[in-house]
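See below for the structure under consideration.
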Amino acid sequence: MADTCHNTPGMSGQSPSLHPGIKARPLNDIHRDAVFLHAFAQGVAELHETLKTDLSPASNSMPAMFETLIDRASRLVNDIEIFDYVEGRK
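Here the sequence shown stands for residues 1 to 90, numbered as in full-length UniProt numbering.
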């Protein structure tokens, strides 16, 4: 796991609930970031496809890495939407 909690600058990878006074970001902001990440990953993958590169193990692995990143970002967006829907219904 990452050494730094990217949602809370300067904090170790601990849960924000362990730190009094730290407020969670609104779910809408997190959702917007996840949608942006998904679109950004798709754009970078398209850009990589249009660039001509020499064949190498690194360049050969890029399509699979982009595919995985896009899939995970898509699942993150869907999970946030499901969470928001379920929590909104309680």
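Here a beta-carbon is modelled for each residue, glycine too, at the ideal position from N, C-alpha and C. Computed from a predicted structure; not experimentally measured.
Would you report the Cα separation of residue i and residue j, rounded to the nearest angstrom?
i   : j   : result
L27 : L76 : 12 Å
F36 : L55 : 30 Å
E87 : T50 : 42 Å
Y85 : N78 : 10 Å
P57 : F40 : 24 Å
The alpha helix (DSSP H) with residue i in it runs from where to where?
i   : result
L27 : L27 to T50
Under 8 Å by Cβ, that's how I've got residue i and residue j pegged, so tell me the actual separation to the nearest angstrom.
i   : j   : result
Q42 : I82 : 21 Å between Cβ atoms; not a contact.
I80 : H31 : 5 Å
H38 : A64 : Not quite, the Cβ-Cβ distance comes to about 17 Å (not below 8 Å), so this is no contact.
Compare the beta carbon distance of residue i and residue j with 9 Å and say whether it is the shorter of the two.
i   : j   : result
E67 : A34 : no
T53 : S59 : yes
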